[in-house]
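Chemist: Protein chains in written order, with this note's numbering: chain A, 11 to 225; chain B, 5 to 252.
Ideal placement from N, C-alpha and C gives every residue a C-beta, glycine not left out.
What follows is a structure written as structure tokens; I'll ask about it next.
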Amino acid sequence: MNGLDLTALLPGALATIKIAGGAWLLALAIGMLMSYIRETGFRPLLWLVNGFTTLIRSIPELVMLYLVYFGIAYLGVRLDSLTAAIVALGVAESAFMAEYFRASLNTVSSSQRQAGLSLGLSQVKVLRLIVLPQAVPFAVPPLLNSFVGLLKTATLASAVGAVELLYAGQDLMNRTGQVLPVAISLVVIYVVATLPLTALVGKLESRARARASRA
Amino acid sequence: MIWPDWDTLASWLELMLAGLVVTLKLSFLTTVLTIILGSLSALGAVSTSRTVRIISRVYVDLFRSVPILALMIIFYFGFGPWLSEWGIDTFTLALAALSLSSGAYLSEVYRGAIQSVPRSQWRAAESLGLGHFAILRFAVIPQVIPPLVPLTLNAVISIVKNSSLASLITVNELTLSGTMAVSLSFMPMQVYLLLGAMYAAIILPLIFAAGRLERWVNRRYGLVSARLKPTMAMRTYASAAGLGRRDR
């Protein structure tokens, strides 16, 4: 390709991974906190968590990003575009994370917990020795899937000027005028980055399911 | 934070109601195209022809991997120069990008549902002398339609949310009208809160409807829905709607 410097996309790809990774960790932390609150079973807190997750799901990520980036700046706290993207996408994803944790904890029947308690194990030991080892294989595929999703939603950060992969691609198209080669490169990068991970998610999922049906 | 006076609020609402109409139109047309594309691709995935199966697979894998926004931007940059020549606008480009992408997701959901019908039923229908399409038409599809209704509604929820991305290729929909309202009177927090509330007003009823429909389907057609193991694509949609479907 005549003089097209595709290495210009590299910093963008790095920023995409930063945004996706940061948002994933934030979502994991908030999601864990929310599913812990749910486990405590304290009604008012339960309603608060359920209301929060439903509300989060009803607002587009882009609007959430604008609220975090422009809205919070208006209130006097300036976040740079990368941080704003991590916060907005992380909060948006946390609502799904809480759901994944709940679904995977639900795969372990409550009779097993009761059996553990009746053997004299503490609540913590029941969770650590009985529930978690069985629930984790069910939690891994959706958590990985959520990271793959974030690699794609990280493109939204370009809307507030973060130089992630898509922004870098757009910039390259603008500067060189070579739309097609850049577009093909972007597509190839996204396919190569996400397709193997998606396949892995499917494999892990059917393995977890096969193990569960053997048990 | 200052609250806008009534005149300012009225000017915002005027802009945003016009945007809302475009968002609803875009979401509706995308939904129709998505269901058509998803159904065709899912039928292709279970086709007897290897070529058709491969075409369906490539379509799904390609459009599931590329982010919707990337697809829109590529269409915008790629086709932008010829838009006026061909007599199409950015609305059409957004519609194409949204439909191609959502269609790939929905195809996976539909395929999972079709393949959840046990092979023994296919063999039973074959032994009765039914052909491939007759088996699909009379034995398989009637069973999977009820559980697919709430799942399709979940896809609609994702479509409405993703339609906001069209603002980034200059489609005058709800989100762009919000950004215009911000440039009129510099109150981003207030405008975007109002914008979020408008989206929630469309999507919350859909979330509750999907939840109710799913519970109704499970009660009415319990056995079929239980057999329909949720694939990852389904679960993504299910949790998008806040259903929190239990795995087992």
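Answer yes if the region 35-48 of chain A comes into contact with the region 107-121 of chain A, meaning at least three C-beta pairs across the two stretches below 8 Å, and no otherwise.
Modeler: Result yes; three or more Cβ-Cβ pairs closer than 8 Å.
Chemist: Grab me the residues of residue 98(A)'s own chain with a C-beta within less than 6 Å of its C-beta, minus the 5 sequence neighbours each way, in chain order.
Modeler: Around residue 98(A): 74, 75, 78.
Chemist: What are the residues of the region 79-113 of chain A that lie near chain E, defined by any Cβ-Cβ distance shorter than 8 Å?
Modeler: In summary, chain E is missing from the structure at hand, where the protein chains are A and B.
Chemist: For residue 183(A), return the contacting residues in chain B, with the cut-off set at a CB-CB distance below 8 Å.
Modeler: Neighbours of residue 183(A) on chain B, chain order: 81.
Chemist: Please confirm if the region 21-34 of chain B is in contact with the region 64-81 of chain B, defined as three or more CB-CB distances below 8 Å between the two stretches.
Modeler: Too few Cβ pairs lie closer than 8 Å, so no.
Chemist: From the DSSP output, in three-state form, read off residue 86(B) for me.
Modeler: Here residue 86(B) sits in helix by DSSP.
Chemist: So, is the C-beta of residue 162(A) closer than 7 Å to a C-beta in chain B?
Modeler: Yes, residue 162(A) counts as interfacial toward chain B.
Chemist: Are the region 184-194 of chain B and the region 149-163 of chain B touching, with three or more C-beta to C-beta distances below 8 Å?
Modeler: No contact exists between the region 184-194 of chain B and the region 149-163 of chain B.
Chemist: How should residue 91(A) be labelled, buried or exposed, when 16 other C-beta atoms within 10 angstroms of its C-beta is the threshold for buried?
Modeler: Buried, because 16 or more other Cβ atoms sit within 10 Å of the Cβ of residue 91(A).
Chemist: Are the region 208-217 of chain B and the region 156-173 of chain B touching by the rule of at least three beta carbon pairs closer than 8 Å?
Modeler: The region 208-217 of chain B is in contact with the region 156-173 of chain B.
Chemist: Between residue 80(B) and residue 187(B), what straight-line distance do the alpha-carbon atoms span, to the nearest angstrom?
Modeler: When rounded, the distance between both Cα atoms is 24 Å.
Chemist: Are the CB atoms of residue 38(B) and residue 103(B) within a distance shorter than 7 Å?
Modeler: Yes, Cβ-Cβ distance for residue 103(B) and residue 38(B) is below 7 Å.
Chemist: Excluding the 5 residues flanking residue 208(A) on each side, which residues of the same chain have their C-beta closer than 8 Å to its C-beta?
Modeler: Closer than 8 Å at Cβ, skipping near neighbours: 155, 158.
Chemist: Give the DSSP-derived three-state secondary structure of residue 184(B) in the structure shown.
Modeler: DSSP places residue 184(B) in helix when its eight states are reduced to three.
Chemist: Any chance the CB of residue 100(A) is under 6 Å from a heavy atom of the ligand NAP?
Modeler: Judged by which ligands are present, the structure shown has none, so any question about the ligand NAP falls away.
Chemist: Near residue 118(B), which residues of its chain fall below 7 Å by C-beta distance, leaving aside the five closest residues on each side in sequence?
Modeler: For residue 118(B), where only same-chain residues beyond five positions count, the Cβ hits under 7 Å are 46, 50, 144, 148.
Chemist: Count Cβ pairs between the region 108-127 of chain A and the region 140-154 of chain A that sit closer than 8 Å; are there 3 or more?
Modeler: Segments in contact, yes.
Chemist: For residue 114(B), collect the residues of the same chain with a Cβ closer than 7 Å to its Cβ; drop the 5 residues on either side in sequence, then sort them by chain order.
Modeler: Closer than 7 Å at Cβ, skipping near neighbours: 42, 43, 46, 152.
Chemist: Span of the alpha helix (DSSP H) holding residue 146(A)?
Modeler: Per DSSP, residue 146(A) belongs to the alpha helix (DSSP H) from 142-163.
Chemist: Can you give me the C-alpha to C-alpha distance between residue 59(B) and residue 109(B), rounded to a whole angstrom?
Modeler: Going by the C-alpha atoms only, they are around 15 Å apart.
Chemist: By alpha-carbon positions, which one of 210(A), 188(A), 118(A), 95(A) ends up nearest to residue 162(A)?
Modeler: For the residues 210(A), 188(A), 118(A), 95(A), the minimum Cα distance to residue 162(A) belongs to 95(A).
Chemist: When you compare the CB of residue 54(A) with every CB in chain B, is at least one pair closer than 7 Å?
Modeler: No - not a single Cβ of chain B is within 7 Å of the one on residue 54(A).
Chemist: Could you run through the region 40-73 of chain B and flag, in chain order, every residue whose CB is less than 9 Å away from some CB of chain A?
Modeler: Answer set for the region 40-73 of chain B: 65, 66, 68, 69, 70, 71, 72, 73.
Chemist: Would you call the CB atoms of residue 182(B) and residue 208(B) closer than 7 Å?
Modeler: Contact flag unset, no.
Chemist: Would DSSP call residue 55(A) helix, strand or coil?
Modeler: Three-state result, residue 55(A): helix.
Chemist: Mark residue 132(A) as exposed unless 16 or more other C-beta atoms lie within 10 angstroms of its C-beta, in which case mark it buried.
Modeler: By the 10 Å Cβ count, residue 132(A) comes out exposed.
Chemist: Going by alpha carbons, who is nearest to residue 14(B) out of 203(B), 201(B), 185(B)?
Modeler: That would be 185(B), whose Cα lies nearest to the Cα of residue 14(B).
Chemist: List the endpoints of the continuous alpha helix (DSSP H) containing residue 162(B).
Modeler: Here the alpha helix (DSSP H) through residue 162(B) covers 145-166.
Chemist: Based on Cα-Cα distance, which residue from 111(A), 24(A), 210(A), 168(A) lies nearest to residue 72(A)?
Modeler: Selected option, being the one with the closest Cα: 168(A).
Chemist: Secondary structure at residue 172(A), three-state DSSP: helix, strand or coil?
Modeler: The answer is coil: DSSP assigns residue 172(A) none of H, G, I, E or B.
Chemist: Alpha carbon to alpha carbon, how far is residue 225(B) from residue 12(B)?
Modeler: About 51 Å.
Chemist: Excluding the five sequence neighbours on either side, which residues of its own chain have a C-beta within less than 7 Å of the C-beta of residue 21(A), listed in chain order?
Modeler: 173, 178, listed in sequence order.
Chemist: Would you call the CB atoms of residue 170(A) and residue 183(A) closer than 7 Å?
Modeler: Cβ atoms of residue 170(A) and residue 183(A): not closer than 7 Å.
Chemist: Which residues in chain B sit within 8 Å of residue 139(A), going by Cβ to Cβ distance?
Modeler: Chain B residues near residue 139(A): none, gap ~21 Å exceeds 8 Å.
Chemist: Among the residues of its own chain, which have a CB less than 8 Å from the CB of residue 204(A), if the five just before and after it don't count?
Modeler: Answer for residue 204(A): 158, 161, 162, listed in chain order.
Chemist: Using the rule of at least 16 other Cβ atoms within 10 Å of the residue's Cβ for burial, across every protein chain shown, is residue 34(A) buried or exposed?
Modeler: With 16 or more Cβ atoms within 10 Å of its Cβ, residue 34(A) is classed as buried.
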